[in-house]
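A.B. asks:
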Ligand SMILES: Cc1cc2nc3c(=O)[nH]c(=O)nc-3n(C[C@H](O)[C@H](O)[C@H](O)COP(=O)(O)O)c2cc1C
Ligand code: SF4
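Numbering (our numbering), first residue to last: 1387 to 1849.
(1) Beta carbon of residue 1552: closer than 7 Å to some heavy atom of ligand 2?
(2) Quick check: residue 1615 and residue 1472, are their CB atoms within less than 8 Å of each other?
(3) Ligand 1 heavy atoms versus the CB of residue 1510: any closer than 7 Å?
(4) Following the continuous alpha helix (DSSP H) through residue 1646, name the residue where it begins and the one where it ends.
(5) Is residue 1444 close to ligand 1? I mean its beta-carbon at under 7 Å from any heavy atom of the ligand.
(6) Are the Cβ atoms of residue 1426 and residue 1452 separated by less than 8 Å?
(7) In this structure, how does DSSP classify residue 1591 when only helix, strand and coil are distinguished?
(8) Can you tell me whether DSSP reads residue 1548 as helix, strand or coil?
(9) Say the cut is 7 Å; is the CB of residue 1767 nearer than that to a heavy atom of ligand 2?
(10) Might you give, ordered along the chain, the residues of its own chain that have their beta carbon closer than 8 Å to the beta carbon of residue 1398, omitting 5 neighbours on each side?
(11) What number of angstroms, rounded off, separates the C-alpha of residue 1738 from the C-alpha of residue 1824?
(12) Start and end of the beta strand (DSSP E) containing residue 1809?
(13) Just to confirm, are residue 1735 and residue 1717 a CB contact at a threshold of 8 Å?
(14) Within 10 angstroms of its Cβ, does residue 1457 collect 16 or more other Cβ (buried), or is it exposed?
(15) Three Cβ pairs or more, each shorter than 8 Å: is that satisfied between the region 1635-1645 and the region 1689-1700?
(16) State the Cα-Cα distance for the pair residue 1723 and residue 1559, rounded to the nearest angstrom.
(17) Give the secondary structure of residue 1683 by DSSP, where H, G and I count as helix, E and B as strand, and everything else as coil.
(18) Based on DSSP bridge pairs, tell me the residues matched to residue 1435.
(19) Using 8 Å for Cβ pairs, my map puts residue 1438 next to residue 1592. What's the rounded Cβ distance?
(20) Quick one: Cα of residue 1813 to Cα of residue 1754, how far?
(21) Pull up the distance between the alpha-carbon of residue 1834 and that of residue 1805, whole angstroms please.
(22) Express the C-alpha separation of residue 1441 and residue 1714 in angstroms, rounding to a whole number.
(23) Please state if the CB of residue 1612 and the CB of residue 1638 are separated by a distance shorter than 8 Å.
(24) If residue 1376 and residue 1387 are in contact, beta carbons under 8 Å, what's the gap, nearest whole angstrom?
(25) Where are the beta strand (DSSP E) runs, 3 residues long or more, that stay fully inside the region 1603-1673, in chain order?
(26) Which value, in whole angstroms, describes the spacing of the CA atoms of residue 1583 and residue 1573?
(27) Among the residues of its own chain, which have a CB less than 7 Å from the CB of residue 1701, if the five just before and after it don't count?
(28) Give me the Cα-Cα distance between residue 1512 and residue 1598, rounded to the nearest whole angstrom.
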């Protein structure tokens, strides 16, 4: 069963035939018969925004490529999903890979691309398998037409998900973001001095929404969600919460409803302290959970929707431990192309580590952490250090008392917080599992000592 404009079915679609049977229409054929301009107009009218993190209007992005003077264009699906606390793309691909593939084929039609790429991590074996099988089904059903679909299995690095780094990986290179004046719509794939070959890069979920917009129209899509963020959102809720999972709800639901009613609230005897929206926006204190979950409302509330992955933190947690883990993640996962980034985030990470070393902590640690995080975005090719400059200070301000030198012994006794880089979700037990190697990852992307079998600090199984 698939409700109008929803992406997740009660039961995963086993075959393309069962998907078409449930939704009742061949979307790609419909888009081809509507023509490029009309399809693009429907997308623009839908108000769809990108679900990869920034919420950029999808219709505007497609129009830019559509109107580009270079005749060679590409379509690329960003399935690298590496934001801590986010599992929605993988969940969607397991349940319904067809909507995403249809959206990619509609995009190829609208922007005039002959080659489309689906780029995920090699470690996403189950999703890659599902997508490869789905592509073959679409080929046999005659849906691909003259379009070539390539499936790319890339590295595990966080930066792979950054769109300019993603294009580098598709070209066979390391996941290192290109210079900022080369956005994908200006320099796409396999460019030459005379042919920039613009690429349309969208997230898995963004492409999936396109399918129902073409099938059912923009007007009914706009009826779901808010004027700011139309349609549904796939929320990942994890951390210190009774019923973690991936939930599809209309945009605009309040965080309080999502966390307390849908995801079951805090563990017995515990209270929520805050929620992290991945590591790309400021932490949201629990007394602000009455905010609507859409891009505009969360931005006005001083945070952001990002990729709608929310990690709950309860009153058993130490906020300095959360700050330590977040700063280290961003430091380790950054690259060395822009010198201020690794330097600033490294200073922030080391200063926060010192807070837990007996005899070391003083007020200067906190100042160095703030200064380091804020100095990281300089001449930056990508948004990663900007995330650090926002999220790290947000985990200090408002929680200052926990950073006081007088609290050092109490702080040192707290458990390290595991950054929730998700590796799997067990539907039967509603359990996320996390990457226990991440704390051992070095800033040069090699690994130190093998992982010790420590229990993750919040609900979830270790792998
Ligand atoms: C460090 C970093 C990591 C990112 N990781 C992802 C990711 O895993 N998946 C994704 O779709 N977008 C990711 N993004 C955002 C992409 O760069 C890009 O904005 C997005 O794929 C565009 O798709 P959309 O318009 O459909 O949102 C990341 C951005 C940054 C700066
Ligand atoms: S801003 Fe940081 S992470 Fe991004 S490319 Fe530059 S050094 Fe690498």
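Every residue gets a Cβ at the ideal spot worked out from N, C-alpha and C, and that includes glycine.
Predicted model only: the values in this text are computed from it and were never measured.
C.D. replies: For this structure:
(1) no
(2) Going by C-beta atoms, residue 1615 is not nearer than 8 Å to residue 1472.
(3) no
(4) Looking at the DSSP string, residue 1646 is not in any alpha helix (DSSP H), and its letter there is neither H nor E.
(5) Under cutoff, so the answer is yes.
(6) yes
(7) helix
(8) coil
(9) For ligand 2, a non-hydrogen atom lies closer than 7 Å to the CB of residue 1767.
(10) 1480, 1481, 1482
(11) 17 Å
(12) 1808-1812
(13) Contact: yes.
(14) The residue in question, residue 1457, is exposed, as its Cβ has fewer than 16 Cβ neighbours within 10 Å.
(15) The answer is yes - the region 1689-1700 touches the region 1635-1645, with three or more Cβ pairs under 8 Å.
(16) Cα to Cα, residue 1723 sits roughly 15 Å from residue 1559.
(17) helix
(18) 1443
(19) Between residue 1592 and residue 1438 the Cβ distance is about 7 Å, and since that is below 8 Å, they are a contact.
(20) 42 Å
(21) 17 Å
(22) 26 Å
(23) yes
(24) Outside the displayed range of the chain (1387 to 1849) lies residue 1376, so it cannot be described from this structure.
(25) Listed in chain order, the complete beta strand (DSSP E) runs (minimum 3 residues) inside the region 1603-1673 are 1618-1625, 1631-1636, 1658-1663.
(26) 6 Å
(27) 1656, 1657, 1659
(28) 25 Å
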